[in-house]
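Numbering (this note's numbering), first residue to last: 1 to 411.
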């Protein structure tokens, strides 16, 4: 039997769950934790020398920094990279169409299923005060340190290096140290900390309207061979100048955001057929990080969400997010029956773009089958009582039927 290859100073087999770095001299691989290299700092190393090679060739060589963040980070004539200090400065200085042209601003008590059915949940909704939303949240005095207390210092989280627009993994405790450090060498952003399975979940209850509409909340069976999708509760910890580029939330999910502390600025684009086609082309472009998608469409709306306010973004809306000041927010994603066709469109776009499973809605097709059965039962009940179903449900049922045929068609 062939022996299993071993690596690093610890001479253990390769472990996909642990960050490793390759020595540029001996080409051996080392666990970052064994040689003192943190994943988020590895990108700053130009040539890595392991402890053994350091003796012969000197210390690792770091990448040269091109000026300070206060100076221009791009040479004249070169495109500005998404997330760079220059990009953030330019974005802050630009003018956009006001979101007041499109958004609705009901009170928390007015935001009901009937309200959405009458107005159609097709434009963003900004609720200025959380009263009436049926939502439970910590007080505004809640801090990032409190998040660490309830979630755990050793929790491994995904972090975005904003300047590089790249993901890395960190322990929550290390991120909290960075957050409160006097000097932040990087702009790090946490937007995907799902905490349903932690003690923090006891302090947060999603808005009542979300609980009423959510497919997962209402239609996912108690016992199921597939894992229940946990996308309902996210904690977002963003430092000043954090930026998330234009995207459609996975599976065309609608999303809610509540700013507990600080502010978020959203750049919103309506999901017309033309805009979705442009978005798909932009997403697959090799120089995507040099093109601001908002420049390619007719209208890009700017919406500032301040402390204590809650934003609901409907299915398919293309959006980017800037954090102008340090911000702590809560949010969540949900599928629903008000715009099934657009949810399916977003899912098909993800498939054409070969989006990694990690960034898709978990078990999307599975939940659609449960919903299809549910809608069929509704139709049968209405027919027996000689009543007509809502038009959005008929439209959604037809869209699901077409999707089911495509998913089950033999190649």
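Just so it is clear, CB atoms sit at the ideal spot from N, CA and C, and this is done for glycine as well.
Closest residue to residue i among the options (Cα-Cα distance)
i, options, result
"residue 376", "353, 337 and 357", "337"
"residue 257", "306, 388 and 227", "306"
"residue 81", "165, 44 and 29", "165"
"residue 51", "287, 96, 9 and 14", "9"
"residue 181", "20, 144 and 403", "144"
"residue 214", "203, 233, 199 and 198", "233"
"residue 37", "60, 56, 53 and 17", "60"
"residue 194", "227, 225 and 235", "235"
"residue 334", "361, 304, 53 and 397", "361"
"residue 122", "367, 380 and 343", "343"
"residue 32", "393, 7 and 355", "7"
"residue 119", "106, 5 and 224", "106"
"residue 397", "55, 368 and 54", "368"
"residue 287", "29, 78, 19 and 339", "78"
"residue 279", "267, 266, 297 and 264", "297"
"residue 302", "347, 395, 54 and 102", "102"
Three-way DSSP call (helix, strand, coil) for residue i in this model
i, result
"residue 173", "helix"
"residue 134", "coil"
"residue 306", "strand"
"residue 319", "strand"
"residue 166", "strand"
"residue 220", "coil"
"residue 261", "strand"
"residue 368", "helix"
"residue 100", "helix"
"residue 390", "coil"
"residue 154", "coil"
"residue 275", "helix"
"residue 399", "helix"
"residue 62", "strand"
"residue 80", "coil"
"residue 26", "coil"
"residue 180", "helix"
"residue 382", "helix"
"residue 189", "strand"
"residue 197", "coil"
"residue 249", "coil"
For residue j and residue i, the rounded distance between their alpha carbons
i, j, result
"residue 131", "residue 109", "7 Å"
"residue 378", "residue 384", "10 Å"
"residue 14", "residue 409", "40 Å"
"residue 309", "residue 158", "26 Å"
"residue 115", "residue 100", "19 Å"
"residue 199", "residue 273", "42 Å"
"residue 388", "residue 154", "54 Å"
"residue 252", "residue 161", "25 Å"
"residue 220", "residue 370", "7 Å"
"residue 373", "residue 401", "11 Å"
"residue 72", "residue 406", "Caution applies to residue 72, whose pLDDT of 43 falls short of 50 and renders its modelled position unreliable; the value that the coordinates give is listed next. Rounded to whole angstroms, residue 72 to residue 406 spans 51 Å at the Cα level."
"residue 173", "residue 22", "26 Å"
"residue 91", "residue 293", "12 Å"
"residue 87", "residue 353", "25 Å"
"residue 84", "residue 246", "15 Å"
"residue 291", "residue 113", "38 Å"
"residue 67", "residue 282", "The predicted model places residue 67 with a pLDDT of 40, which falls under 50 and marks its position as unreliable; any figure quoted below should be read in that light. The alpha-carbon atoms of residue 67 and residue 282 are separated by roughly 30 Å."
"residue 35", "residue 189", "25 Å"
"residue 295", "residue 126", "24 Å"
"residue 12", "residue 28", "12 Å"
"residue 89", "residue 30", "38 Å"
"residue 117", "residue 223", "31 Å"
"residue 176", "residue 347", "34 Å"
Cβ-Cβ distance between residue i and residue j below 9 Å
i, j, result
"residue 111", "residue 209", "yes"
"residue 196", "residue 323", "no"
"residue 238", "residue 191", "yes"
"residue 135", "residue 205", "yes"
"residue 417", "residue 97", "In the structure displayed, the chain extends from 1 to 411; residue 417 sits before or after that span and is not available."
"residue 186", "residue 40", "yes"
"residue 359", "residue 250", "yes"
"residue 270", "residue 318", "yes"
"residue 259", "residue 332", "no"
"residue 25", "residue 44", "no"
"residue 244", "residue 321", "yes"
"residue 363", "residue 227", "yes"
"residue 391", "residue 315", "no"
"residue 169", "residue 266", "no"
"residue 345", "residue 268", "no"
Contacting residues, own chain, Cβ-Cβ under 6 Å from residue i (five flanking each side not counted)
i, result
"residue 326", "239, 240 and 262"
"residue 382", "389"
"residue 53", "23, 25 and 26"
Same chain, Cβ closer than 8 Å to residue i, neighbours up to 5 away in sequence not counted
i, result
"residue 330", "137, 204, 233, 234, 235, 236, 257, 258 and 260"
"residue 133", "108, 111, 127, 207, 208, 209 and 310"
Own chain partners of residue i with C-beta closer than 7 Å, once the 5 adjacent residues on each side are dropped
i, result
"residue 366", "226"
"residue 184", "178 and 239"
"residue 104", "119, 123 and 125"
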